[in-house]
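S.K.: Take this structure first; my questions come after.
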Amino acid sequence: DGGITQSPKYLFRKEGQNVTLSCEQNLNHDAMYWYRQDPGQGLRLIYYSQIVNDFQKGDIAEGYSVSREKKESFPLTVTSAQKNPTAFYLCASRRTGNTEAFFGQGTRLTVV
Amino acid sequence: AQKVTQAQTEISVVEKEDVTLDCVYETRDTTYYLFWYKQPPSGELVFLIRRNSFDEQNEISGRYSWNFQKSTSSFNFTITASQVVDSAVYFCALIDAGGTSYGKLTFGQGTILTVHP
Chain A
8 DGGITQSPKY
18 LFRKEGQNVT
28 LSCEQNLNHD
38 AMYWYRQDPG
48 QGLRLIYYSQ
58 IVNDFQKGDI
68 AEGYSVSREK
78 KESFPLTVTS
88 AQKNPTAFYL
98 CASRRTGNTE
108 AFFGQGTRLT
118 VV
Chain B
-8 AQKVTQAQTE
2 ISVVEKEDVT
12 LDCVYETRDT
22 TYYLFWYKQP
32 PSGELVFLIR
42 RNSFDEQNEI
52 SGRYSWNFQK
62 STSSFNFTIT
72 ASQVVDSAVY
82 FCALIDAGGT
92 SYGKLTFGQG
102 TILTVHP
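Line by line, the protein sequences give chains A and B. Every position in the first sequence, counted from 1, becomes a number in this note's numbering once 7 is added. Position 41 of the second sequence, counted from 1, bears residue number 32 in this note's numbering, the numbering being contiguous throughout.
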């Protein structure tokens, strides 16, 4: 079945560690996005990519990094520079044009 | 800058009641798209509807209906005869169709709907 797969579902990070969240899609979508969800704040855009080997910062990119080496994959690294990383992270993809985005099931990151 | 505001943070109803979720948006673009998503406890956002700025026709899909009023910049969502399975967080979102938007969705804060049996 086509869809977006995020892994892991739960992730625990120690202070000072970098961690990478995986996002894979088999929908043949060009555009991919990473959002962060905090209680009461809706979803905020971290990074997005329209094509392979190109990506742009969103509204809250500080402390995060991404890569887009393959069309299907858009991993997000939460670096030690991100001071408050505990949140729910959602990956999305969409075709070009103003179509709806499809979302993965999310990764819940907790700092321990 | 775009902005989406969902006035209700939480709504609690009893099963079979009708409930309306409000959404007000701001954009300087004349061409834009509005969306509603449902987020059940599992976490994934489920697409419900897309509406473009030139189509103000209301839409009904089963127990769901949407009222788009450009004059008041509102895109409200009504669930008729609510059921426990409707309990979720609902998000309203906006994309402008301008060349620099890159399809970036601007989300409202979300409305937590709880339907009690």
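Note that the Cβ used here is the ideal one computed from N, Cα and C, for glycine as well. Since the model is a prediction, treat every value here as computed from it, not as a measurement.
1. Using 8 Å as the cut-off, can you tell me whether the stretch 77 to 94 of chain A makes contact with the stretch 18 to 30 of chain A, which would need three or more C-beta pairs spanning the two stretches below that distance?
2. At a Cβ cut of 7 Å, what residues of the stretch 56 to 69 of chain B count as close to chain A, listed as they run along the chain?
3. Between the Cα of residue 38 of chain B and the Cα atoms of B/17, B/8, B/71 and B/25, which residue gives the shortest distance?
4. Out of B/79, B/-5 and B/58, state which residue places its alpha-carbon closest to the alpha-carbon of residue 30 of chain B.
5. For residue 52 of chain A versus residue 36 of chain B, is the C-beta spacing smaller than 8 Å?
6. Just to confirm my understanding: we take residue 74 of chain A, look at its own chain, exclude 5 residues before and 5 after, and list those with CB closer than 7 Å. What are they?
7. With which residues is residue 58 of chain A paired in a DSSP beta bridge?
8. Looking at C-beta atoms only, is the number of pairs between the stretch -4 to 16 of chain B and the stretch 65 to 83 of chain B that lie closer than 8 Å three or more?
9. Hey, which unbroken runs of the beta strand (DSSP E) at 3 residues or more fall wholly within the stretch 77 to 108 of chain B?
10. With a cut-off of 8 Å, does the C-beta of residue 20 of chain A fall near any C-beta of chain B?
11. Does the stretch 61 to 68 of chain A come within contact of the stretch 99 to 107 of chain A, defined as at least 3 CB pairs closer than 8 Å?
12. Using a Cβ cut-off of 8 Å, pull out every chain B residue sitting near residue 48 of chain A, in sequence order please.
13. Indicate whether residue 94 of chain A and residue 40 of chain A have their beta-carbon atoms separated by less than 8 Å.
14. For a minimum of 3 consecutive residues, which ranges assigned as the beta strand (DSSP E) are wholly contained in the stretch -8 to 33 of chain B?
15. With distances taken between CB atoms, is the gap from residue 1 of chain B to residue 86 of chain B smaller than 8 Å?
16. Could you check what DSSP says for residue 106 of chain A in three-state terms: helix, strand or coil?
17. Can you list the residues of chain A that residue 38 of chain B reaches, using a CB-CB cut of under 9 Å?
M.R.: If we stick to the structure as given:
1. By the criterion of at least three beta-carbon pairs nearer than 8 Å, the stretch 77 to 94 of chain A is in contact with the stretch 18 to 30 of chain A.
2. Per Cβ criterion, the list is empty.
3. Against the second sequence, residue 38 of chain B aligns to sequence position 47. Of the candidates B/17, B/8, B/71 and B/25, the one whose C-alpha sits nearest the C-alpha of residue 38 of chain B is B/25.
4. As a working mapping, residue 30 of chain B is identified with position 39 in the second sequence. It is B/79 whose Cα lies nearest to the Cα of residue 30 of chain B.
5. Within the first sequence, residue 52 of chain A is the residue found at index 45, counting from 1. Within the second sequence, residue 36 of chain B is the residue found at index 45, counting from 1. 8 Å or more divides the Cβ of residue 52 of chain A from the Cβ of residue 36 of chain B.
6. As a first step, residue 74 of chain A is located in the first sequence; it is residue number 67 there, counting from the start. The residues are 82.
7. Residue numbering aside, residue 58 of chain A sits at position 51 when the first sequence is read from its first letter. DSSP lists A/61 as partners of residue 58 of chain A.
8. With a cut-off of 8 Å, the stretch 65 to 83 of chain B and the stretch -4 to 16 of chain B count as touching, because enough Cβ pairs lie within range.
9. The DSSP assignment places 79 to 87 and 102 to 107 as complete runs of the beta strand (DSSP E) inside the stretch 77 to 108 of chain B, in order along the chain (cut-off: 3 residues).
10. The count along the first sequence starts at 1 and reaches residue 20 of chain A at position 13. Not closer than 8 Å to any Cβ of chain B, the Cβ of residue 20 of chain A fails to qualify, so no.
11. Verdict: no, contact absent.
12. Counting from one through the first sequence, the residue named residue 48 of chain A turns up at place 41. Near residue 48 of chain A (Cβ distances below 8 Å), the residues of chain B are 100.
13. Looking up residue 94 of chain A in the first sequence gives position 87. Looking up residue 40 of chain A in the first sequence gives position 33. Residue 40 of chain A sits away from residue 94 of chain A, with the two beta carbons spaced by 8 Å or more.
14. Fully enclosed beta strand (DSSP E) runs of 3 or longer: -6 to -4, 1 to 5, 10 to 12, 15 to 17 and 23 to 30.
15. As a working mapping, residue 1 of chain B is identified with position 10 in the second sequence. As a working mapping, residue 86 of chain B is identified with position 95 in the second sequence. Not closer than 8 Å, so no.
16. Looking up residue 106 of chain A in the first sequence gives position 99. Coil.
17. Here the question's residue 38 of chain B lines up with position 47 in the second sequence. Chain A residues near residue 38 of chain B: 107, 108, 109 and 110.
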